[in-house]
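Number of protein chains: 2
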Amino acid sequence: MSHQSVTLHKPRGQMRSQGLRNQSMQLKEMLLRLQHTIEDYIMQLKTRHLQQDPGPEEQRHRQAAREQEATLVHLMCQVVNLLQPCPPLDSSGHVGAGQQAQSSRQPDQQGRPLSDLQAAVISYDLSNRGIDISTVYQSSFQDYKAYLGDKYHEDKNPLGFINLGVSENKLCMDLMTERLSRSDMNYIEDALLQYTDWRGQPFLREEVARFLTYYCKAPAQLDPENVVVLNGCCSVFLALAMVLCDPGEAFLTPTPFYGGFAFTSHLYTKVELIHVHLDSEVTGANACPFQLTVGKLEKAMLEARLKGKHVKGLLLISPQNPLGDVYSRDALKEYLEFAKRYNLHVIIDEIYMLSVFDESITFHSVLSMESLPDPKRTHVIWGTSKDFGISGFRFGALYTQNKEVASAVSSFGYVHGISGIAQHKLCRLLQDKEWIDKVYLPTNRSRLQAVHRYVTSNLKALKIPFLNRGSGLYIWINLKKYLDPCTFEQELLLHRRFLENKLILSRGKSYMCTEPGWFRLNFSDKLLCLKLGMHRFSQTLVEQRQDWIEKQLEDALRE
Amino acid sequence: MSHQSVTLHKPRGQMRSQGLRNQSMQLKEMLLRLQHTIEDYIMQLKTRHLQQDPGPEEQRHRQAAREQEATLVHLMCQVVNLLQPCPPLDSSGHVGAGQQAQSSRQPDQQGRPLSDLQAAVISYDLSNRGIDISTVYQSSFQDYKAYLGDKYHEDKNPLGFINLGVSENKLCMDLMTERLSRSDMNYIEDALLQYTDWRGQPFLREEVARFLTYYCKAPAQLDPENVVVLNGCCSVFLALAMVLCDPGEAFLTPTPFYGGFAFTSHLYTKVELIHVHLDSEVTGANACPFQLTVGKLEKAMLEARLKGKHVKGLLLISPQNPLGDVYSRDALKEYLEFAKRYNLHVIIDEIYMLSVFDESITFHSVLSMESLPDPKRTHVIWGTSKDFGISGFRFGALYTQNKEVASAVSSFGYVHGISGIAQHKLCRLLQDKEWIDKVYLPTNRSRLQAVHRYVTSNLKALKIPFLNRGSGLYIWINLKKYLDPCTFEQELLLHRRFLENKLILSRGKSYMCTEPGWFRLNFSDKLLCLKLGMHRFSQTLVEQRQDWIEKQLEDALRE
Numbered sequence: 081m082s083h084q085s086v087t088l089h090k091p092r093g094q095m096r097s098q099g100l101r102n103q104s105m106q107l108k109e110m111l112l113r114l115q116h117t118i119e120d121y122i123m124q125l126k127t128r129h130l131q132q133d134p135g136p137e138e139q140r141h142r143q144a145a146r147e148q149e150a151t152l153v154h155l156m157c158q159v160v161n162l163l164q165p166c167p168p169l170d171s172s173g174h175v176g177a178g179q180q181a182q183s184s185r186q187p188d189q190q191g192r193p194l195s196d197l198q199a200a201v202i203s204y205d206l207s208n209r210g211i212d213i214s215t216v217y218q219s220s221f222q223d224y225k226a227y228l229g230d231k232y233h234e235d236k237n238p239l240g241f242i243n244l245g246v247s248e249n250k251l252c253m254d255l256m257t258e259r260l261s262r263s264d265m266n267y268i269e270d271a272l273l274q275y276t277d278w279r280g281q282p283f284l285r286e287e288v289a290r291f292l293t294y295y296c297k298a299p300a301q302l303d304p305e306n307v308v309v310l311n312g313c314c315s316v317f318l319a320l321a322m323v324l325c326d327p328g329e330a331f332l333t334p335t336p337f338y339g340g341f342a343f344t345s346h347l348y349t350k351v352e353l354i355h356v357h358l359d360s361e362v363t364g365a366n367a368c369p370f371q372l373t374v375g376k377l378e379k380a381m382l383e384a385r386l387k388g389k390h391v392k393g394l395l396l397i398s399p400q401n402p403l404g405d406v407y408s409r410d411a412l413k414e415y416l417e418f419a420k421r422y423n424l425h426v427i428i429d430e431i432y433m434l435s436v437f438d439e440s441i442t443f444h445s446v447l448s449m450e451s452l453p454d455p456k457r458t459h460v461i462w463g464t465s466k467d468f469g470i471s472g473f474r475f476g477a478l479y480t481q482n483k484e485v486a487s488a489v490s491s492f493g494y495v496h497g498i499s500g501i502a503q504h505k506l507c508r509l510l511q512d513k514e515w516i517d518k519v520y521l522p523t524n525r526s527r528l529q530a531v532h533r534y535v536t537s538n539l540k541a542l543k544i545p546f547l548n549r550g551s552g553l554y555i556w557i558n559l560k561k562y563l564d565p566c567t568f569e570q571e572l573l574l575h576r577r578f579l580e581n582k583l584i585l586s587r588g589k590s591y592m593c594t595e596p597g598w599f600r601l602n603f604s605d606k607l608l609c610l611k612l613g614m615h616r617f618s619q620t621l622v623e624q625r626q627d628w629i630e631k632q633l634e635d636a637l638r639e
Numbered sequence: 081m082s083h084q085s086v087t088l089h090k091p092r093g094q095m096r097s098q099g100l101r102n103q104s105m106q107l108k109e110m111l112l113r114l115q116h117t118i119e120d121y122i123m124q125l126k127t128r129h130l131q132q133d134p135g136p137e138e139q140r141h142r143q144a145a146r147e148q149e150a151t152l153v154h155l156m157c158q159v160v161n162l163l164q165p166c167p168p169l170d171s172s173g174h175v176g177a178g179q180q181a182q183s184s185r186q187p188d189q190q191g192r193p194l195s196d197l198q199a200a201v202i203s204y205d206l207s208n209r210g211i212d213i214s215t216v217y218q219s220s221f222q223d224y225k226a227y228l229g230d231k232y233h234e235d236k237n238p239l240g241f242i243n244l245g246v247s248e249n250k251l252c253m254d255l256m257t258e259r260l261s262r263s264d265m266n267y268i269e270d271a272l273l274q275y276t277d278w279r280g281q282p283f284l285r286e287e288v289a290r291f292l293t294y295y296c297k298a299p300a301q302l303d304p305e306n307v308v309v310l311n312g313c314c315s316v317f318l319a320l321a322m323v324l325c326d327p328g329e330a331f332l333t334p335t336p337f338y339g340g341f342a343f344t345s346h347l348y349t350k351v352e353l354i355h356v357h358l359d360s361e362v363t364g365a366n367a368c369p370f371q372l373t374v375g376k377l378e379k380a381m382l383e384a385r386l387k388g389k390h391v392k393g394l395l396l397i398s399p400q401n402p403l404g405d406v407y408s409r410d411a412l413k414e415y416l417e418f419a420k421r422y423n424l425h426v427i428i429d430e431i432y433m434l435s436v437f438d439e440s441i442t443f444h445s446v447l448s449m450e451s452l453p454d455p456k457r458t459h460v461i462w463g464t465s466k467d468f469g470i471s472g473f474r475f476g477a478l479y480t481q482n483k484e485v486a487s488a489v490s491s492f493g494y495v496h497g498i499s500g501i502a503q504h505k506l507c508r509l510l511q512d513k514e515w516i517d518k519v520y521l522p523t524n525r526s527r528l529q530a531v532h533r534y535v536t537s538n539l540k541a542l543k544i545p546f547l548n549r550g551s552g553l554y555i556w557i558n559l560k561k562y563l564d565p566c567t568f569e570q571e572l573l574l575h576r577r578f579l580e581n582k583l584i585l586s587r588g589k590s591y592m593c594t595e596p597g598w599f600r601l602n603f604s605d606k607l608l609c610l611k612l613g614m615h616r617f618s619q620t621l622v623e624q625r626q627d628w629i630e631k632q633l634e635d636a637l638r639e
């Protein structure tokens, strides 16, 4: 302790440069995002001009354009706010006095009028992070918002949106509704209506431990003390990212990858996701498309270190989203051993573990391993949203042998807790192995198989390549041949064409895929919706092809 | 835009000094907390020695001491981690190479062994903020954890803890259980089990708007588009703090004040709460004890500005927690006008609005005002936890006319959402005005009156002063005369004596009260618990007085 003055004094230079580095990284990120939004915006303007038949869709287009304008304004605002510590420029370009530093946010208190640009980019009320969160949220959930306002309904809104973009399992709503309506579900006791353990109700944590022991084939009974339940898997991930990383630290993650974690990690936790880019080509190290190998992880780790990144963990999803990959036991072990070599935490999201519908494929949970390479740094996430098709329940569970991590994550129950009555229902549901094993799972599996068969036969008829991995609620499809040229710009245009035909798909770019042309198509919708969706899908591709032919003809005639 | 290089270049000096200021503020805060924890720890050691009859309580004492030791280690770890950017010292006190900067967290990778102290304060797994969150959480919820593990039960655990420390209304569990068991509650439809609008289900937002219009006596129908529902009022506050403030910015708040917001704002949002200290003396500006006046707000604002604080808002609770104050319409207006003068947002938590049990007192919601001084900067929080005694439901609502704020807050629904089935039940509950007006509210009011009468008559018999404000679920009581000397140390000792007698109260310090000796006593428990609680309460005070007399005697004999 006698050297405290030295330790207090010395780091200043480093603190300073780190603060500057963070600021400039943040600035760079924002400028990049700004650039992308501007590109998107310009693309949209182009599309509007290119449109052959504006029709009633013009109105929607204009609305979308207005939303993008708002996003642009927000982003510019963000940049301006980030630069705010400096005195604002006056009209002649001179730097003003320190006192005027606030003026870009409070123009009404200043004698000097603002320029139009300044006035346009001001948010009077939101903080920088508020603008950041709001902007990314608005642009990420734009399609979903349109869908909510104009959902397809057989009778009431037959021209509404079909959503094959969101990963929801709607195949067994009948079974689930029946099960949730039984009398055991509606039990109420005082403890369910009052504050409880922030880790979750003890009865639910016990049931989750039993459930995971059984379905993950754990070699020994899992411990309820290692379970924390929160309102959704993104909340669990958020809590883990908060307690494992400080702002600016990073997780490695193979891409294409589920965008929800990117949204959560960037906005709320300021943890960077470093992408380990996988590609579709089958050459050399790639025995199959988008294969994750330790070699690629090693390379990404090396590059990250060279860039001075502080990598704290590896983030995996198994079965993978959006690829549907089910990692073999050996592959899984290799990834875990790689992580151990670098003292990385492994967060593995097994939310699709019971959604492997191809019976020739076996899912391996990390919880099934006899010995984990680094048990204190292996953290498993699971929830009922996908496997039981009840995303509206808002339930996610963490299983970790690390008491320190479990304890730190449990404090998030304070602001990410689940209703007691929902905890009771979840407990009853997970408890009913008879129903799960004999009714729910077999029915769900055969329904998943049926819709998967239906969609893949359609794709085959359309000669559209796709990954056939036998798990998950979605297919990763390749629409490259409909892009000319094969760019993300064209991918966006095709996405918009689907929207015009009232069909929502998810495009590869939102999974951080590096190759344009990939889309995720969710097939676990009710057959009626799925059929109409697939009809709109092929319709859109016909239109796209028709346009291409017309363009070719025009070009040929012009020559 | 041509001056961008200038704007990019200039602020560096300011950024640097700001970064340093933040770092050093953080450091100072942590050192202060460390100091307090050490003080608490030493106090505990003292108590252990002073104890007349160790008995079976010794075990619990030791457990508490161990928990405090863990807290200490965490805090020291935090300080070490904060200083981490500097190279660690080697055994001779020399500063090592930059490469070794990581060694304080990864000693297994270093050739050089660590000192005992270094080894003791290392967290291998948690981030700095993880340690911070975990430490504050563990120490804040220590009593509550003890209570959960050893709850009073008439038959099963008659010697368990009685909790008069947590603000929960347990008086109408019978009515609530009956209402929630009716058939309309158990309705299930697909939409409740699936993803929905992140602002909350439209039917619930509509009902909240109708409910608040009616019970807040709004001059016009409130707009459901201005409502966002999240899983609890702390989540709503967290979201508001995130989108209104950047880290380090501040809200003014009068103290004593509900500690949950302090916990939330510090840990998750890094927003500072600047205390406007109120005191109990009735002199000059104080017409009554702990009176909030605009003069005090003005003074706090001035001081904050002089210290270079960036104050973004004023945070109020009405009816107040822990004082029970119900602000008059005029007072409320003055506070809002003060906020407008300084362009401050006002966040007002009206979570106890239907818990005014003294019929001579009228509650005034800010939503009842014909015209708000600054409607776009006035944000109201309400929830069902207190007024309906269902804290386990995890429900909080925001009402704001500021579309930008509502939109930014709605993105928090992604990680702070409520189960669809709970949203349905809440909607049905709020809808049933007949039951609320004719059954629930009158019964709740008369039961609150009865237990309040019971507790206050007990307090009067014990000659203990208290605030008689006729609202809330608790009484703010003055136990100064049991402290000798009147210090926070003695307040803590008295608190511990209550714990030894298996009674939990909340002490004034956790409400940031500046005067030692105040406690919050929650009276809205079932009569059996309350009677036993009050028995233990008076028992404890008799012991305390007995000890004091014995000590006086000993001192007299020694002279």
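Residue numbers (my numbering), protein chains in the order written: chain Z, 81 to 639; chain W, 81 to 639. We put the beta carbon where it would ideally sit given N, CA and C, even for glycine.
Whole-angstrom C-beta distance between residue j and residue i, which should lie under 8 Å
i, j, result
"W/Leu244", "W/Ile584", "6 Å"
"Z/Pro336", "Z/Leu394", "Not a contact, Cβ separation roughly 16 Å."
"Z/His496", "Z/Leu324", "No, Z/His496 and Z/Leu324 are not in contact; Cβ-Cβ is about 16 Å, not under 8 Å."
"Z/Asp438", "Z/Ser551", "7 Å"
Interface partners of residue i on chain W, CB under 9 Å
i, result
"Z/Cys325", "Ser207, Arg209 and Gly210"
"Z/Asn311", "Asn311, Arg474, Val495, His496, Gly497, Ile498 and Ser499"
"Z/Glu439", "Simply none; closest approach about 27 Å."
Member of the options whose CA lies at the smallest distance from the CA of residue i
i, options, result
"Z/Lys483", "Z/Ile268, Z/Val308, Z/Phe221 and Z/Gly210", "Z/Val308"
"Z/Glu248", "Z/Ala541, Z/Phe468, Z/Glu580 and Z/Ala502", "Z/Phe468"
"W/Phe241", "W/Arg638, W/Arg616, W/Ser537 and W/Glu630", "W/Arg616"
"Z/Leu539", "Z/Ser526, Z/Gly476 and Z/Ile555", "Z/Ile555"
"W/Asp49", "W/Asp605, W/Gln632, W/Glu639 and W/Asn581", "Here chain W covers residues 81 to 639 and nothing more, so residue 49 of chain W does not appear."
"W/Lys513", "W/Asp303, W/Asp212, W/Leu273 and W/Glu287", "W/Glu287"
"Z/Leu521", "Z/Val489, Z/Lys466, Z/Gln570 and Z/Ser487", "Z/Lys466"
"Z/Val409", "Z/Ala380, Z/Cys296 and Z/Trp515", "According to the sequence shown, residue 409 of chain Z is Arg rather than Val. When only C-alpha atoms are compared, the closest one is Z/Cys296."
"W/Leu528", "W/Gln570, W/Leu273 and W/Leu251", "W/Leu251"
Residues that residue i contacts on chain W, provided the C-beta gap is smaller than 8 Å
i, result
"Z/Arg457", "Asp205"
Three-state secondary structure (DSSP) of residue i
i, result
"Z/Arg474", "coil"
"Z/Tyr217", "helix"
"W/Leu583", "strand"
"Z/Gly328", "coil"
"Z/Trp598", "strand"
"W/Pro134", "Because W/Pro134 carries a pLDDT of 49, less than 50, the predicted location of this residue cannot be relied on, and the following value inherits that uncertainty. DSSP places W/Pro134 in coil when its eight states are reduced to three."
"W/Lys560", "helix"
"W/Val307", "strand"
Neighbouring residues, chain W, relative to residue i (Cβ below 7 Å)
i, result
"Z/Thr464", "Those within 7 Å of Z/Thr464 in chain W number zero; the least Cβ separation is about 10 Å."
9 Å Cβ cut-off: residues of chain Z touching residue i
i, result
"W/Thr257", "Ile268, Glu269, Asp270 and Leu273"
Within chain Z, partners of residue i - CB distance below 7 Å
i, result
"W/Asp277", "Leu228"
**Message:** Runs of 3 residues minimum, wholly inside the stretch 359-445 of chain Z: which ones carry the beta strand (DSSP E) assignment?
**Reply:** 391-397 and 425-429
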